[in-house]
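Worksheet: one structure, shown below.
2 protein chains.
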Amino acid sequence: MPAGHFTSFHPPQRTLMGPGPSDVNPRILEALSRPTIGHLDPLFIGMMDELKSLLRYAFQTENEVTLPISAPGSAGMECCFANLVEPGDKVIVCINGVFGGRMKENVIRCGGQAIIVEDPWGRAVDPSKVEAALKANPDASILAFVHAETSTGALSDAQTLAKLAHDYDCLCIVDTVTSLAGVPLKVDEWQLDAVYSGTQKCLSCIPGLSPVTFNDRALAKVKTRKTMVQSWFLDLNLMLGYWEGEGKRAYHHTAPINPLYGLHEALCILHDEGLENSWERHRTQHNILKAGLEKMGLELSVPEAERLPQLNAIIIPEGINDAAFRSQLLKDYNLEIGAGLGASAGKLWRIGLMGYSANKGNVLYCLSAIEALLNK
Amino acid sequence: MPAGHFTSFHPPQRTLMGPGPSDVNPRILEALSRPTIGHLDPLFIGMMDELKSLLRYAFQTENEVTLPISAPGSAGMECCFANLVEPGDKVIVCINGVFGGRMKENVIRCGGQAIIVEDPWGRAVDPSKVEAALKANPDASILAFVHAETSTGALSDAQTLAKLAHDYDCLCIVDTVTSLAGVPLKVDEWQLDAVYSGTQKCLSCIPGLSPVTFNDRALAKVKTRKTMVQSWFLDLNLMLGYWEGEGKRAYHHTAPINPLYGLHEALCILHDEGLENSWERHRTQHNILKAGLEKMGLELSVPEAERLPQLNAIIIPEGINDAAFRSQLLKDYNLEIGAGLGASAGKLWRIGLMGYSANKGNVLYCLSAIEALLNK
Chain A
7 MPAGHFTSFH PPQRTLMGPG PSDVNPRILE ALSRPTIGHL DPLFIGMMDE
57 LKSLLRYAFQ TENEVTLPIS APGSAGMECC FANLVEPGDK VIVCINGVFG
107 GRMKENVIRC GGQAIIVEDP WGRAVDPSKV EAALKANPDA SILAFVHAET
157 STGALSDAQT LAKLAHDYDC LCIVDTVTSL AGVPLKVDEW QLDAVYSGTQ
207 KCLSCIPGLS PVTFNDRALA KVKTRKTMVQ SWFLDLNLML GYWEGEGKRA
257 YHHTAPINPL YGLHEALCIL HDEGLENSWE RHRTQHNILK AGLEKMGLEL
307 SVPEAERLPQ LNAIIIPEGI NDAAFRSQLL KDYNLEIGAG LGASAGKLWR
357 IGLMGYSANK GNVLYCLSAI EALLNK
Chain Y
7 MPAGHFTSFH PPQRTLMGPG PSDVNPRILE ALSRPTIGHL DPLFIGMMDE
57 LKSLLRYAFQ TENEVTLPIS APGSAGMECC FANLVEPGDK VIVCINGVFG
107 GRMKENVIRC GGQAIIVEDP WGRAVDPSKV EAALKANPDA SILAFVHAET
157 STGALSDAQT LAKLAHDYDC LCIVDTVTSL AGVPLKVDEW QLDAVYSGTQ
207 KCLSCIPGLS PVTFNDRALA KVKTRKTMVQ SWFLDLNLML GYWEGEGKRA
257 YHHTAPINPL YGLHEALCIL HDEGLENSWE RHRTQHNILK AGLEKMGLEL
307 SVPEAERLPQ LNAIIIPEGI NDAAFRSQLL KDYNLEIGAG LGASAGKLWR
357 IGLMGYSANK GNVLYCLSAI EALLNK
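Take a look at the structure:
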């Protein structure tokens, strides 16, 4: 048993320019501290309805089933796979970074068979390889890919990949954790079937929630499953009784009230700014960052046409100790940038320009801090 | 796409005396709004270590593996079952309310076989029935029961049930969502093997996190599984790389930073008060509430010896329209009390006295409001 007195934790004011969480807008932090009300309170339910409308706007969809899962993006991913994959299902999984690999893990744990299409880390998914895999596996029922690979900073062509999936009679599951609100994402126009995202990237909300959206094609598959969804917590059929129930909501689990206030606020901020303006802002700040980095002789690792503006993977210059450099940035500048993940650990830095963090002040601060430390 | 301007959601100040969420201590609401830092930030990791020590205190355990799952209590439940139950495992499940039923659902979805021991709603689990089931099923490997049934207000004898489980060579999984910090709960002394709880009950934190603790016996079972844990998100083996990794934390998922500030604060408050004092306070406020209700002629439905102080199930007097009455309480008094769940819908009210809500001001306010409406 712990002895002595424990005191409140007072975090420092960091500048968050890693792969997420991004800097949280103070409006959102304030929203989190508003009085907790009940999860079945009519006023809370009204807020939820508004939140769902705002999520539809962010996803550019009219999908009825658009809601935040009460857990982080990894649970949103699992929600899509657990509901759509049945034992024996063949799923084509595109792997061009860490999160494609996690998709494969999910397929296997659902009893599915994963057919892997591999692309180099730091590159987009190659549609021609995907088409070959679809052709070679006519019994595949799902294509899964990551729109914006957080581990490498590469953007894939979700519209083209979704069209291929449908041409070969597959559904698609799309990871938009890092793309939502940062680059164009048009769920309805591109006909993305099951989509999950996160809150701590370009929405600049706190981590812990995972917005998802399912179209009718995806729902039809969920509703005609032969087997029970293996997760009770993530079973869409049960969840809908709470989120979609007209008039009377069936109790499923207790929603995380205050984080949902935060997400509502984040989506109001996005709606006020306008989605296109948000995309444009991410692009503009990326250009400023890129120019500054190149002036210092630093190189981005992803080819220009496949680059995410909101996640910039930079080749660590020779002779620099990765961990020591990032520690120093944190210590001297309260500035967090990201390490490389998996195969790129020690080789790449990842500088996030996500949501509220994508502003000129942050970009110039980050450039100055890196320059100062490199020249130390 | 939503037209017009969306505005911030400003919830009213309710008094929460339902089955949870309970009133959140203002210290915790303030903690939620502190600056977000990275989930791999050394200062965050230090906070997490302290949080785990404080959770051990709350659970009265020295279990190394004691941590908050990044999702609500339902996910904590699923974490225990998904890690401990393998396909074909026989699990004895005690059902004396809604949450025992949910345990059964979990067993089935994990491919296990559920042997049900039923007791009437509103009564404790009967150890003699449990012993009979253990005797009749020598191949059972787990006994699962709810310590404090939130749906009915009945307290079961966790120590006796755990001893029975061990006598018959079973592990026990125990739901302590509503008991933690509200009534005596001694994980080590009672030898509870796998235990989950929630944050929005007697800890008076916001909903959305689920503290769990596993002893060595439970971990041995997790580590010697023949099959993979079916959930990636809830796989304890993966989670431990993040929560328990010495020096270097393996990235699993992005922890919900700010809600964890809130839980840390809630546990500091509990530690300051002292666990025994918290139990005593719940008992004292219950006695005041009970006296007041009985004076009005209202009856508690659970026999005195099996009653939870923190959740009071009251028989709705004849001639009272349940839904209309509770709506009026909310409208006229900003006071939330709980409805009956499942079989007791329309028959019972559930008045919570949990955590910060268990204070004399709330009790007297609640009694006055109910009396005024009953006499209207």
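These protein sequence lines map, in sequence, to chains A and Y. For the first sequence, our numbering begins at 7 and goes up steadily by one. For the second sequence, our numbering begins at 7 and goes up steadily by one. Ideal placement from N, C-alpha and C gives every residue a C-beta, glycine not left out. These numbers come from a predicted model, not from an experiment.
Cutoff 8 angstroms: residue i Cβ touching any chain Y Cβ
i: residue 197 (chain A); result: no
i: residue 236 (chain A); result: yes
i: residue 158 (chain A); result: no
i: residue 356 (chain A); result: no
i: residue 274 (chain A); result: yes
i: residue 260 (chain A); result: yes
i: residue 362 (chain A); result: no
i: residue 375 (chain A); result: no
i: residue 39 (chain A); result: yes
i: residue 24 (chain A); result: yes
i: residue 106 (chain A); result: no
i: residue 350 (chain A); result: no
i: residue 371 (chain A); result: no
i: residue 17 (chain A); result: yes
Short CB-CB distance (under 8 angstroms) between residue i and chain A
i: residue 243 (chain Y); result: no
i: residue 265 (chain Y); result: yes
i: residue 93 (chain Y); result: no
i: residue 282 (chain Y); result: no
i: residue 331 (chain Y); result: no
i: residue 279 (chain Y); result: no
i: residue 217 (chain Y); result: no
i: residue 201 (chain Y); result: no
i: residue 206 (chain Y); result: yes
i: residue 13 (chain Y); result: yes
i: residue 181 (chain Y); result: no
i: residue 257 (chain Y); result: yes
N-terminal and C-terminal residue of the alpha helix (DSSP H) that residue i is part of
i: residue 158 (chain A); result: First-last for residue 158 (chain A): undefined, no H or E at that position.
i: residue 166 (chain A); result: 164-173
i: residue 372 (chain Y); result: 366-380
i: residue 55 (chain A); result: 48-65
i: residue 2 (chain A); result: The requested residue 2 (chain A) does not occur in the structure, where chain A is confined to residues 7 to 382.
i: residue 73 (chain A); result: Element bounds for residue 73 (chain A): not the alpha helix (DSSP H) but the beta strand (DSSP E), 71-75.
i: residue 88 (chain A); result: 79-90
Limits of the beta strand (DSSP E) - the one that residue i falls within
i: residue 3 (chain Y); result: Past the edges of chain Y, shown from 7 to 382, lies residue 3 (chain Y), and the structure says nothing about it.
i: residue 119 (chain Y); result: 119-124
i: residue 358 (chain Y); result: 354-358
i: residue 187 (chain A); result: Here residue 187 (chain A) belongs to no beta strand (DSSP E), and DSSP marks it neither H nor E.
i: residue 22 (chain Y); result: 21-23
i: residue 179 (chain Y); result: 177-181
Rounded distance between the beta-carbons of residue j and residue i, thought under 8 angstroms
i: residue 65 (chain Y); j: residue 219 (chain Y); result: 5 angstroms
i: residue 271 (chain Y); j: residue 37 (chain Y); result: 4 angstroms
i: residue 172 (chain Y); j: residue 164 (chain Y); result: Actually they are not in contact, since the Cβ atoms of residue 172 (chain Y) and residue 164 (chain Y) sit about 12 angstroms apart, beyond 8 angstroms.
i: residue 306 (chain A); j: residue 318 (chain A); result: 6 angstroms
i: residue 331 (chain Y); j: residue 379 (chain Y); result: 6 angstroms
i: residue 360 (chain Y); j: residue 192 (chain Y); result: Incorrect: roughly 19 angstroms between the Cβ atoms, too far for contact.
i: residue 188 (chain A); j: residue 316 (chain A); result: 4 angstroms
i: residue 227 (chain A); j: residue 177 (chain A); result: 6 angstroms
i: residue 76 (chain A); j: residue 364 (chain A); result: Actually they do not touch by this definition, with Cβ atoms about 27 angstroms apart.
i: residue 25 (chain A); j: residue 156 (chain A); result: 5 angstroms
*Continuous beta strand (DSSP E) assignments of at least 3 residues falling wholly in the region 248-329 of chain Y*: 317-321
*asked:* Would you call the region 263-277 of chain A in contact with the region 111-126 of chain Y, where contact means no fewer than 3 C-beta pairs closer than 8 angstroms?
replied: no
*asked:* Using a Cβ distance threshold of 8 angstroms, determine whether the region 235-242 of chain A contacts the region 88-105 of chain A, with at least three qualifying pairs required.
replied: Output reads yes: the region 88-105 of chain A touches the region 235-242 of chain A.
*May I ask you to verify whether the region 20-34 of chain Y touches the region 34-48 of chain A, counting CB pairs closer than 8 angstroms and requiring at least 3?*
Between the region 20-34 of chain Y and the region 34-48 of chain A there are three or more C-beta pairs closer than 8 angstroms, enough to call the two in contact.
*asked:* Give the list of continuous alpha helix (DSSP H) stretches no shorter than 4 residues that lie fully inside the region 92-147 of chain A.
replied: 104-115 and 133-142
*How do the region 129-146 of chain A and the region 208-217 of chain A stand: do at least 3 beta-carbon pairs fall below 8 angstroms, yes or no?*
no
*Residue ranges of each beta strand (DSSP E) run of no fewer than 3 residues wholly in the region 202-240 of chain Y, ordered along the chain?*
216-220
*asked:* Would the region 260-267 of chain A count as touching the region 44-54 of chain A if we require 3 or more Cβ pairs under 8 angstroms?
replied: yes
*Does the region 177-191 of chain Y touch the region 181-192 of chain A, meaning 3 or more C-beta pairs lie closer than 8 angstroms?*
no
*Mind the definition here: the region 280-296 of chain Y touches the region 91-102 of chain Y only if three or more C-beta pairs lie below 8 angstroms; say whether that holds.*
no
*Does the region 138-151 of chain A come close enough to the region 289-303 of chain A to have 3 or more Cβ pairs within less than 8 angstroms?*
Touching, no.
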